[in-house]
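Peer 1: What follows is a single structure, and I will ask about it in a moment.
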Amino acid sequence: MDDVLVDIGEVSRRTGLAASALRFYERKGLIAAEGRNGLRRAYRPETLDRLALIACARDAGFSLSEIAEFLRARPSDARLRERMAVKEREVDARVAQLTRLRDSLRHAAVCEHDPLVECPEFKRAVGRVPNG
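So for the sequence shown, this note's numbering puts the first residue at 173; every next one is plus one.
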């Protein structure tokens, strides 16, 4: 089994997370070391997938406690499913906001109006980007 484990240094290199962050995630119950390579922690390869999911969820605005709950979720957990649906709507709103911002930046990149901030199209585009 040791031949399939990934050393903490390799996990750190592949994910861009510091070893201290990996140990922190262990303490929070988000990941688990499967064994040791000498004095160094070693993880199952699936841990890389879990860390990718954690990073994605963090980027979407989930807290570590929300992520931990999600990782432990079972199909029968109605309360958590409801909270996930709320979070999905928040993520959807954020995607819409970022899409409007992207469109505004696209216009700004090719706009010939001088000064740019006075361009009517740019003003309309920026006006559609709510504060957030």
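We treat Cβ as the ideally placed atom computed from N, Cα and C, and that holds for glycine.
The model shown is predicted, which means the values in this text are computed figures rather than measured ones.
Under the three-state reduction of DSSP, which class applies to residue 174: helix, strand or coil?
Peer 2: Low local confidence applies: a pLDDT of 47 at residue 174 is under 50, so the model's placement there is unreliable, with the coordinate-based value given in what follows. Note: residue 174 maps to helix in three-state DSSP.
Peer 1: Shortest alpha-carbon distance to residue 179 belongs to which of 281, 216, 248, 199?
Peer 2: If we check each option's Cα against that of residue 179, 216 comes out closest.
Peer 1: Return the first residue and the last residue of the beta strand (DSSP E) that residue 246 is part of.
Peer 2: Per DSSP, residue 246 belongs to no beta strand (DSSP E) and is neither H nor E.
Peer 1: Compute the Euclidean distance between the alpha carbons of residue 286 and residue 279, then round it to the nearest angstrom.
Peer 2: 14 Å
Peer 1: Going by C-alpha to C-alpha distance, which of 247, 210, 233 sits closest to residue 258?
Peer 2: The residue with the shortest Cα to Cα distance from residue 258 is 233.
Peer 1: Measuring alpha carbon to alpha carbon, tell me which of 288, 262, 242, 212 ends up nearest residue 202.
Peer 2: 242
Peer 1: Between residue 263 and residue 228, what straight-line distance do the alpha-carbon atoms span, to the nearest angstrom?
Peer 2: 12 Å
Peer 1: Residues in the same chain with beta-carbon distance under 8 Å from residue 294, minus the five sequence neighbours each way, listed in chain order, please.
Peer 2: 276, 279, 280, 283, 285, 288
Peer 1: Rounded to the nearest angstrom, what separates residue 184 and residue 238 at their Cα positions?
Peer 2: If you draw a straight line from the Cα of residue 184 to the Cα of residue 238, it is about 23 Å long.
Peer 1: Mapping DSSP to helix, strand and coil, what is residue 286?
Peer 2: coil
Peer 1: Check whether the Cβ atoms of residue 207 and residue 177 sit closer than 8 Å, and answer yes or no.
Peer 2: yes
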